[in-house]
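These protein sequences, in sequence, are chains Y and S. My numbering numbers the first residue of the first sequence as 1 and each following residue consecutively. My numbering numbers the first residue of the second sequence as 1001 and each following residue consecutively. Below: one structure, written as structure tokens.
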Amino acid sequence: MTVTNPPNEVREGATPTPSALRSFNLSRDQLPVLASLSVVWIVFAIANDRFLTPGNLTNLALQIVSVGAISVGVVFVLLLGEIDLSAGALSGFAAAIMAVLNVNHGLSVPVAILAAVLGGAVVGTVQGLIITRFALPAFVVTLAGLLVWQGGLLYLLGDSGTINLTDPVYLTMSTSSLPRWAGWLLAAVVVVGYGLTTAQRRRSRRAVGLKIETARALGMRLGLAAVSVTVIVAVLNADRGVPVAVLVLLAFVAIGDLVVRRCPFGRHVIAVGSNTEAARRAGINTKRVRIAVFAISGAMAGAGGVLAASRLLSVYQGSGGSDLLLMAIAGPVIAGTSLFGARGSVWSALSGAVLLGSISNGMDLLSLSSSVKFMVTGLVLVAAVILDSISRQRLAAKPKRPT
Amino acid sequence: MAPVDKGEPLLFAQQITKTFGAVQALKGVDLAVSAGEVVALVGDNGAGKSTLVKTLAGVQSPDAGQIFFEGKPVSLDNPAVSSELGIATIYQDLALCDHLDVVANLYLGRERRNAGRLLNEQEMELKAIELVGSLSTNPPPARALVRDLSGGQRQVVAIARALLADPKLVLLDEPTAALGVSQTHEVLELIRMLRARGLGCVLISHNLDDIFAVADRVCVLRLGLNAADFTVSDCSHEAVVAAITGATPSTTTPL
């Protein structure tokens, strides 16, 4: 990207072109995590020659689908400056709803899945209502939710403690891939579609005299997108094709990003996270925004639970437990979404999950013990939060109101 | 917005009282503002300035008293009523979202959508550039985040945000309190511009230099009562200070 104006230049009126400023911000926010990812991949590629094979990278992609989906919901909560500690337990509970309805009561898989996602949304709505109605910290309410839905999971599973998902649809969901030609077709559609919409917007902005990105910046942006998509599809096609489950995650991320950056609702979420009082005075129903965000988080936890269960082909007492919640929150934070609200992107759910998934996958390949894995992941998280804090201090240190 | 006949003020608040528990913040205060007039509202801390402005903004309902807007009695029960009538309030803290850009702040809560129900960034950006550019010789870039702006530019954004609703009366709460010399100058220039557009302005300020630079009249409150009402062109700093502190007997001139 050619536009690298430091903020003080912006103040002096040396305006970077608006769309370039936006995309530059996005890639700048994602730059640290991509750099960390390169380091992690190089280290593991040296340590184990199986790490960078198409087969292992496809596995890696499938491993992160569930946590990535949960993280998409978590990003919305983080943008509010809140936290949702119930997301992990809720994903297990939602998966149990699906399993009980499908296996014990004979409902079809699509209906059971829908019930699980809706169940997650309802639970999230209830938590949001409690948080806004009684002005309680989300931390406490969702911590209570964590316990309640863990209990709910055990209750639904009953004495057996495990429900096996025998319907072949689950296997299809978790293991099927696009045919190779379809993968390439999809890649072409995505790249061409992105190029066309970008070009169309540029033309339209130029027609009304608004500032536009330089042709060079535009070309670099489109070229980067084309190369990334091509490499990803080529790697996945070298193994078994683009897995459908991975496409589902990508769709969640793309839709979430659309909501945050292009819909009034997403703007209101950031406004509430940035300055609740200002949002209220602007006529935004801040309580409704909060409740909706917790509903989204609950629904995405439900979706993540469904994806995890279909990969495991069972729901058991440990579903949604262990480090799932921590990974789902740590991922976006490592990838630049602030814990303090209003700063971040839905893409951080994906890039954070890829980074944490790579570390976990690589250490598995090296047969490291869980103890080491936990400690390393914890250190990575601390490093990421320190980075976040430093970048915030830099922003705060900038002379905001020169007098 | 043709200036209203001088005989009929744009806003006339009559005998406003407001009590908080045991404290009587306003004990029957009058305030009149004409179109194209800047009225400075001054007084010591606790004189009732903020309470009066909050009443006009619809944030607090008065216990008693009548408010007339454009000659008609109105009941300003909540902020929405006030802003619908055409009363815009710019609070001291500006109420901007630091993490959003200028365009997003201007249109916050009233975003324009395109055919696909998505944000119509192009329309909002065009109007924002036009509006902000008309207010300032050094307008903030439309896509700069508000946290990256100087204090004066933030004031410009807040005022532009208020003007987007096409108000008739603008209430400004301490707009220059946090600003340096050149930015204060810029904001005072903005207030003159509002007056030139035929808007009525109520300006709360502690800075007498600012008031004498921009206001047409000074309304002094003291202990919840009208203490004095001066025309800026024929009064002195000393007279205003005396009225604020209560050093001279109340010399209210007829409104």
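Even glycine gets a Cβ: it sits at the ideal position worked out from N, Cα and C.
Measure how close the beta-carbons of Arg-343 (chain Y) and His-1099 (chain S) come, nearest whole angstrom, since I'm counting them as under 8 Å.
So it is a contact: roughly 6 Å between Cβ atoms.
Beta-carbon gap between Ala-404 (chain Y) and Val-140 (chain Y) smaller than 8 Å
No answer is possible for residue 404 (chain Y): the residues shown for chain Y start at 1 and end at 403.
Between Ala-328 (chain Y) and Ser-351 (chain Y), is the Cβ-Cβ spacing less than 8 Å?
No.
Does Arg-311 (chain Y) have its Cβ less than 8 Å from a Cβ in chain S?
No, no contact with chain S.
List, in order along the chain, the chain Y residues whose C-beta lies closer than 8 Å to that of Ala-1095 (chain S)?
Listed along chain Y, the residues sitting closer than 8 Å to Ala-1095 (chain S) by beta-carbon distance are Asn-275, Glu-277, Ala-278, Arg-281 and Ala-282.
Specify the secondary structure class of Leu-218 (chain Y) as computed by DSSP and reduced to three states.
It is helical.
Provide the residue(s) that pair with Tyr-316 (chain Y) in DSSP beta bridges, ordered along the chain.
DSSP, once it has assigned bridges, lists Y:Thr-162 as partnering Tyr-316 (chain Y).
Ordered along the chain, which non-local residues of its own chain (more than five positions away) have a Cβ less than 8 Å from that of Leu-1174 (chain S)?
Reading the sequence as shown, one finds Glu at residue 1174 (chain S) and not Leu. The residues are Gln-1092, Ile-1204, Ser-1205 and His-1206.
Hey, how far is the Cα of Arg-22 (chain Y) from the Cα of Ala-1239 (chain S)?
For Arg-22 (chain Y), the predicted model reports a pLDDT of 46, less than 50, meaning its position is unreliable; a value from the coordinates is still stated below. The alpha-carbon separation between Arg-22 (chain Y) and Ala-1239 (chain S) amounts to approximately 54 Å.
Return the CA-CA distance between Arg-489 (chain Y) and Val-246 (chain Y), expressed in angstroms with no decimal places.
Outside the modelled stretch of chain Y, which goes from 1 to 403, sits residue 489 (chain Y), for which no answer is possible.
So which residues of chain S does Leu-210 (chain Y) contact, with C-beta pairs closer than 8 Å?
The CB of Leu-210 (chain Y) comes closer than 8 Å to the CB of Gln-1122, Glu-1125, Leu-1126 and Ile-1129 in chain S, given here in chain order.
Among Y:Ile-42, Y:Val-260, Y:Leu-31 and Y:Val-123, whose alpha-carbon lies nearest the alpha-carbon of Ala-299 (chain Y)?
Nearest to Ala-299 (chain Y) by alpha-carbon distance, out of Y:Ile-42, Y:Val-260, Y:Leu-31 and Y:Val-123, is Y:Val-123.
Expected contact under 8 Å - CB spacing of Ser-86 (chain Y) and Gln-127 (chain Y) to nearest Å
With a Cβ gap of about 6 Å, Ser-86 (chain Y) and Gln-127 (chain Y) count as contacting.
Could you check the C-alpha separation between Val-248 (chain Y) and Arg-1110 (chain S) for me, to the nearest Å?
Looking at the two C-alpha atoms, the distance is approximately 33 Å.
Distance check for Leu-1188 (chain S) and Asn-1045 (chain S), CA to CA, integer angstroms please.
Looking at the two C-alpha atoms, the distance is approximately 23 Å.
Any beta carbon of chain Y sitting closer than 8 Å to that of Gly-1086 (chain S)?
Closer than 8 Å: no.
Using DSSP with H/G/I as helix, E/B as strand and the rest coil, what is Gln-1060 (chain S)?
Coil at Gln-1060 (chain S), not helix or strand.
Going by DSSP, which residues form a beta bridge with Thr-1019 (chain S)?
Looking at the DSSP assignment, Thr-1019 (chain S) forms a beta bridge with S:Gln-1024.
With 8 Å as the threshold, decide whether the Cβ of Ser-204 (chain Y) is near any Cβ in chain S.
Closer than 8 Å to some Cβ of chain S, the Cβ of Ser-204 (chain Y) qualifies, so yes.
Ordered along the chain, which non-local residues of its own chain (more than five positions away) have a Cβ less than 8 Å from that of Ala-1088 (chain S)?
Around Ala-1088 (chain S): Ala-1162, Leu-1163, Ala-1165, Pro-1167, Leu-1169, Val-1170 and Leu-1171.
Can you grab the Cα-Cα spacing for the pair Val-40 (chain Y) / Gly-378 (chain Y), in whole Å?
Rounded to the nearest whole angstrom, the CA to CA distance from Val-40 (chain Y) to Gly-378 (chain Y) is 15 Å.
Within chain Y, partners of Gly-1133 (chain S) - CB distance below 8 Å
Listed along the chain, the chain Y residues whose CB falls inside 8 Å of the CB of Gly-1133 (chain S) amount to none; the nearest CB is some 11 Å away.
Among residues of its own chain, excluding the 5 on either side of Lys-1054 (chain S), which ones have a beta-carbon nearer than 8 Å to its beta-carbon?
The answer, listed in chain order, is Gln-1060.
Apart from the five residues on each side of it in sequence, which residues of its chain come closer than 7 Å, Cβ to Cβ, to Glu-82 (chain Y)?
Closer than 7 Å at Cβ, skipping near neighbours: Ala-138.
Counting only C-beta atoms, is Gly-1109 (chain S) closer than 8 Å to chain A at any point?
In the structure shown, chain A does not exist; the protein chains are Y and S.
Nearest residue (CA-CA) to Asp-257 (chain Y), options Y:Ala-45, Y:Leu-339, Y:Ala-349 and Y:Ala-292:
Cα-wise, what sits closest to Asp-257 (chain Y) is Y:Ala-349.
Counting pairs of Cβ atoms below 8 Å between the region 255 to 271 of chain Y and the region 1103 to 1121 of chain S, do you hit three or more?
With a cut-off of 8 Å on Cβ pairs, the region 255 to 271 of chain Y is in contact with the region 1103 to 1121 of chain S, counting three or more such pairs.
Grab the span of the beta strand (DSSP E) containing Thr-1231 (chain S) for me, first residue to last.
Here the beta strand (DSSP E) through Thr-1231 (chain S) covers 1225 to 1231.
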